[in-house]
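A.B. asks: Basically our numbering = 1-based index in the sequence shown + 2.
Before I ask anything, let me first share the structure, which is written out below as structure tokens.
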Amino acid sequence: MTDARIDAAEAAGRLAELLKEWQVTPAGRSAGAFRSDETGGWWAKHMEAVEWVGIIDEAMAEISESEHAVKLWRQASTEARRAIFRTPHGLDWSDLHGECKEIDDSPITMIGTIGELLGARRATGEAVLTQARGLLGPVQDALREAENLVTAIDLADDERNHLLTLIEHCRHVMKLARIDDINELRAHLERLIGALDLVDAGSERTEDKKGVVRRLISSTKEFMGSPVVTNVLAAGTVLLAITAG
Numbered sequence: 003m004t005d006a007r008i009d010a011a012e013a014a015g016r017l018a019e020l021l022k023e024w025q026v027t028p029a030g031r032s033a034g035a036f037r038s039d040e041t042g043g044w045w046a047k048h049m050e051a052v053e054w055v056g057i058i059d060e061a062m063a064e065i066s067e068s069e070h071a072v073k074l075w076r077q078a079s080t081e082a083r084r085a086i087f088r089t090p091h092g093l094d095w096s097d098l099h100g101e102c103k104e105i106d107d108s109p110i111t112m113i114g115t116i117g118e119l120l121g122a123r124r125a126t127g128e129a130v131l132t133q134a135r136g137l138l139g140p141v142q143d144a145l146r147e148a149e150n151l152v153t154a155i156d157l158a159d160d161e162r163n164h165l166l167t168l169i170e171h172c173r174h175v176m177k178l179a180r181i182d183d184i185n186e187l188r189a190h191l192e193r194l195i196g197a198l199d200l201v202d203a204g205s206e207r208t209e210d211k212k213g214v215v216r217r218l219i220s221s222t223k224e225f226m227g228s229p230v231v232t233n234v235l236a237a238g239t240v241l242l243a244i245t246a247g
């Protein structure tokens, strides 16, 4: 198995390279011996291949079916699985036999292309996410004000802990590790705004609370409505030019 989880772009690239190596089992060689690694075993590589297929499957389930990478995987994945497990031949792994072509060129090329498309998609997403993170200052400021207010006013412990947990959830998602985190951040902020709006801050701090809520609302709207964030969300849902097929 791989030492660490890799992304779908790298998984597709590695799978294409491995299938190219395994494309033709030579005459007079058993499949097990031909596919063995330096230790003499073939199980580890096959387990990696299966893991890579699973990673690609997960990625395909998360992006639009209209994307070219999804279409290519739909065409190539069955042949890839058959080649990994050699199901068309039904031969024992230790049998010596004539030359066997395990998979055609086309599925291998498709899988390699999938890796390139997903890599380009990832690079585009990372670039615009970096821009989006740079716009989060007002939201961070509003969250800091909310935390100060929640800490200062007289609240039951469970109510205060609930609000502080919501604030911490917002901050965690604000790392924007994925495009989907933008909509998740909006959902967390809306929950925080709703919960904070219901808080009894006492007569002396009511206006303070209303001000914090207004700043949370305005900073959230400003961030979500910015052209950069619109582009980030578009990168995750709209067919990129490089993936058009």
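Glycine residues also receive a C-beta, built at the ideal position from the N, C-alpha and C atoms.
By Cβ distance below 6 Å, which residues in the same chain neighbour residue 81 in space, the five residues on each side in sequence not counted?
C.D. replies: Cβ neighbours of residue 81 beyond the five flanking positions: 105, 109.
A.B. asks: Would you check if the distance between the CB atom of residue 75 and the CB atom of residue 58 is smaller than 8 Å?
C.D. replies: Yes.
A.B. asks: Please classify residue 15: is it buried, with 16 or more other beta-carbons within 10 angstroms of its beta-carbon, or exposed?
C.D. replies: The residue in question, residue 15, is buried, as its Cβ has 16 or more Cβ neighbours within 10 Å.
A.B. asks: With H, G and I counted as helix, E and B as strand and the rest as coil, what does DSSP make of residue 26?
C.D. replies: Note: residue 26 maps to strand in three-state DSSP.
A.B. asks: From residue 217 to residue 144, what distance separates their C-alpha atoms?
C.D. replies: The alpha-carbon atoms of residue 217 and residue 144 are separated by roughly 6 Å.
A.B. asks: Are the CB atoms of residue 181 and residue 235 within a distance shorter than 8 Å?
C.D. replies: Yes, they are a contact pair.
A.B. asks: With DSSP collapsed to three states, give me the class of residue 103.
C.D. replies: Strand at residue 103.
A.B. asks: Count the CB pairs spanning the region 116–133 and the region 59–79 that are closer than 8 Å, and state whether there are at least three.
C.D. replies: Judged by Cβ distances under 8 Å, the region 116–133 makes contact with the region 59–79, as three or more pairs qualify.
A.B. asks: Quick check: what's the CA-CA separation for residue 32 versus residue 114?
C.D. replies: Spanning the two alpha carbons is a distance of roughly 27 Å.
A.B. asks: Rounded to the nearest angstrom, how far is the Cβ of residue 140 from that of residue 221, given a contact under 8 Å?
C.D. replies: So it is a contact: roughly 4 Å between Cβ atoms.
A.B. asks: Between the Cα of residue 116 and the Cα atoms of 233, 226, 12, 232, which residue gives the shortest distance?
C.D. replies: Nearest option by C-alpha distance: 12.
A.B. asks: Take the Cβ of residue 198 as the centre, count every other Cβ of all protein chains shown within 10 Å, and call the residue buried at 16 or more, exposed below.
C.D. replies: Buried is the call here.
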